[in-house]
Amino acid sequence: MRVTVLGSGGALVTPRPGCGCRVCEDARAHGGASKRGGPSLYVHDAHLLVDAPEDVVWLLNRRGIERVNHLFITHWHPDHTAGFRVVETLAWDLATGGARACIDVWLNAATLARLGDHWRYFERRGYCRLHTIQPGATDQLGPLSARWFGYAPDTFLTGAVLTDNSSRVIVAMDETKDLATYLAAEPWAQGCDIAVVETGWFLQGPQGQELGPPDLAFRTTEAGFVRDTVPLVRALRPAQAVLVHINGDLVGRTPAELDALAAEYPDLPLRFAHDGLTVTTGATSVGDE
Ligand SMILES: [Zn+2]
Ligand SMILES: [Zn+2]
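In numbering that gives the first Met the number 0, the protein residues as written are 0 to 288.
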């Protein structure tokens, strides 16, 4: 299987207009891997797009991806759905003024309840078909099967284990607080070739400085890198762990500083993503930037 990280950012992309933090300044000065688009992946084998952030059209363009057969929406939060109209952008046909393709969209009940009425318009136009995911069920996405799992309060998040005949990829894009405890008891989630998981929160920057005010709600409500992500990777035991959803300002680290952090865990196969990073089961290669 081959997976490309289209956007390695989180709810905050990098650089953020008007932001003078050191991570955004680094991205303006150096570009390349320092720039991060919204959270999204592409699984080449099934022409599968995972999540639709605001900038997803441009992230697809940047990687030369022209075909999307499936769109898996992990949850309703705007940083994962605000670019949903990508289905129209991809499917609209000038010759007929209608749809030239119909994208299968996989979404959970919470997302459907929140955004379904709005998205049915695109379904009526023929650009997509909405399929409601049942946690624990398996669906066929072209050559891949997807075993869905629900997590986070009220299971408003969906993760997936994607399988072909020879390899497995597990995806948990966001809201992974306490997910390690759940998946440590689930053999089907463990030992995958690739785990793509959220990076989580940092309480301190690389020089030990506090990131954000001490009473910032995120410090306790969101997944933390040390508290949640490291135990999650330990529980999952993947051959490669790709860390995504990197909220630039809020992790306080440049790409080089994130690489140095990963090196502090020599027993874990951690790799902080950058836009365009492509990983394959069995080997790792680096994208254009
Ligand atoms: Zn998010
Ligand atoms: Zn910033």
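Note that beta-carbon positions come from the ideal geometry of N, C-alpha and C, so glycine has one too.
Tell me which same chain residues have a C-beta within less than 7 Å of the C-beta of Tyr150, skipping the five on either side of it? To locate residue 150, count along the sequence shown from 1; it is residue 151. These residues qualify, in order along the chain: Leu156, Gly158, Leu178 and Tyr181.
For Leu93, three-class secondary structure by DSSP: As a working note, residue 93 is residue 94 in the sequence shown. Three-state result, Leu93: coil.
Can you tell me whether DSSP reads Glu87 as helix, strand or coil? Here residue 87 is taken as the residue at index 88 of the sequence shown, counted from 1. Looking at Glu87 - three-state DSSP - the assignment turns out to be helix.
For Asn107 and Phe148, the rounded distance between their alpha carbons: Position 149 of the sequence shown, counted from the start, is the residue given in the question as residue 148. Position 108 of the sequence shown, counted from the start, is the residue given in the question as residue 107. For Phe148 and Asn107, the distance between alpha carbons rounds to 10 Å.
For Pro186, count the other beta carbons within 10 Å of its own beta carbon; 16 or more makes it buried, fewer makes it exposed. Which is it? Sequence index remark: in the sequence shown, residue 186 carries index 187 (1-based). The residue in question, Pro186, is exposed, as its Cβ has fewer than 16 Cβ neighbours within 10 Å.
Nearest-angstrom Cα distance between Thr154 and Trp105? What you label residue 154 is simply residue 155 of the sequence shown in a count that begins at 1. What you label residue 105 is simply residue 106 of the sequence shown in a count that begins at 1. Between Thr154 and Trp105, the C-alpha separation is close to 15 Å.
With respect to 7 Å, is the separation between the Cβ of Asp44 and the closest non-hydrogen atom of ligand 1 below this value? Your numbering for residue 44 matches position 45 in the sequence shown. No.
According to the Cβ coordinates, are Ser33 and Thr253 closer than 8 Å? Counting from one through the sequence shown, the residue named residue 33 turns up at place 34. Counting from one through the sequence shown, the residue named residue 253 turns up at place 254. It is a contact, given that the beta carbons lie within the stated cut-off.
According to the neighbour-count rule (16 or more other Cβ atoms, all chains shown, within 10 Å of its Cβ), is Tyr41 buried or exposed? Within the sequence shown, numbered from 1, the residue matching residue 41 stands at position 42. Label assigned to Tyr41: buried.
Terminal residues of the continuous alpha helix (DSSP H) containing His79? Start at 1 with the first residue of the sequence shown, and residue 79 comes out as number 80. Start and end: Pro77 to Thr80.
Per DSSP, which one or two residues make a beta bridge with Val22? Taking the first residue of the sequence shown as position 1, residue 22 is located at position 23. None; Val22 has no bridge partner.
Do Leu347 and Val67 have their C-beta atoms within less than 8 Å of each other? The chain is shown only over 0 to 288; residue 347 falls outside these bounds and no answer can be derived.
Less than 6 Å between C-beta atoms, sequence neighbours within five positions excluded: which residues of the same chain meet that for Ser144? To locate residue 144, count along the sequence shown from 1; it is residue 145. So the list reads Thr137 and Thr162, once near-sequence residues are dropped.
Would you say the beta carbon of Asp274 is closer than 7 Å to some non-hydrogen atom of ligand 1? Within the sequence shown, the letter at position 275 stands for residue 274. Because no heavy atom of ligand 1 lies under 7 Å away, the Cβ of Asp274 does not count as near it: no.
Opposing strand residues paired with Ile64 [DSSP bridges]: In the sequence shown, residue 64 corresponds to position 65, counting from 1. For Ile64, which the question treats as bridged, DSSP gives no partner whatsoever.
Any heavy atom of ligand 1 inside 7 Å of the beta-carbon of Asp54? Counting from 1 along the sequence shown, the entry for residue 54 is found at position 55. Checking the Cβ of Asp54 against ligand 1 gives no.
Who sits around ligand 1, taking every residue whose Cβ is closer than 6 Å to one of its heavy atoms? Gly9, Ala10, Pro38, His76, Asp78, His79, Asp173 and His244
Where does Tyr120 fall in DSSP's three states? Looking up residue 120 in the sequence shown gives position 121. Reduced to three states, the DSSP call for Tyr120 is helix.
Can you give me the start and stop residues for the beta strand (DSSP E) that Asp138 sits inside? Walking along the sequence shown from the start, residue 138 turns up at place 139. Asp138 -> beta strand (DSSP E) spans Thr137 to Leu140.
How is Asp293 classed by DSSP in three states: helix, strand or coil? Not covered by the structure: residue 293. The range shown for the chain is 0 to 288.
With a CB to CB cut of under 7 Å and the five nearest residues on each side skipped, what residues in its chain are close to Pro142? Translated into positions along the sequence shown, residue 142 becomes position 143. So the list reads Asp44, Ala45 and Asp163, once near-sequence residues are dropped.
Around the Cβ of Leu231, are there at least 16 other Cβ atoms within 10 angstroms (buried) or fewer (exposed)? Counting from 1 along the sequence shown, the entry for residue 231 is found at position 232. When all chains shown are included, Leu231 counts as buried.
Thinking C-alpha only, which one of Ile193, Gly63, His74 and Gln189 is nearest Leu114? Numbered from 1 along the sequence shown, position 115 holds the residue referred to as residue 114. Considering only alpha carbons, the answer is His74.
Just checking Val250 against ligand 2 - is the residue's beta carbon closer than 7 Å to any of the ligand's heavy atoms? For the purposes of this step, residue 250 is identified with residue 251 of the sequence shown, where counting begins at 1. No, Cβ of Val250 sits at least 7 Å from all heavy atoms of ligand 2.
From this set, Val195, Leu215 and Trp200, which residue's C-alpha is nearest Arg226's C-alpha? Here residue 226 refers to the residue found at position 227 when the sequence shown is read from its first residue. Nearest option by C-alpha distance: Trp200.
Residue range of the beta strand (DSSP E) that includes Glu197: Against the sequence shown, residue 197 aligns to sequence position 198. From DSSP, the beta strand (DSSP E) with Glu197 extends over Ile193 to Glu197.
Is Pro186 near ligand 2, judged by its Cβ being under 7 Å from some heavy atom? By 1-based counting over the sequence shown, the position of residue 186 is 187. Result no, Cβ not under 7 Å from ligand 2.
For Arg35, which residues does DSSP report across the bridge? By 1-based counting over the sequence shown, the position of residue 35 is 36. DSSP lists Thr13 as partners of Arg35.
DSSP has Ile102 in a bridge; who is on the other side? Here residue 102 is taken as the residue at index 103 of the sequence shown, counted from 1. Beta-bridge pairing links Ile102 to Cys127.
Determine the burial state of Arg35: buried for a count of at least 16 other Cβ atoms within 10 Å of its Cβ, exposed for fewer. Taking the sequence shown and counting its residues from 1, one reaches residue 35 at position 36. Classification of Arg35: buried, given that the 10 Å Cβ count is 16 or more.
Take the Cβ of Pro52 as the centre, count every other Cβ of all protein chains shown within 10 Å, and call the residue buried at 16 or more, exposed below. Within the sequence shown, numbered from 1, the residue matching residue 52 stands at position 53. Buried, by the Cβ-count rule.
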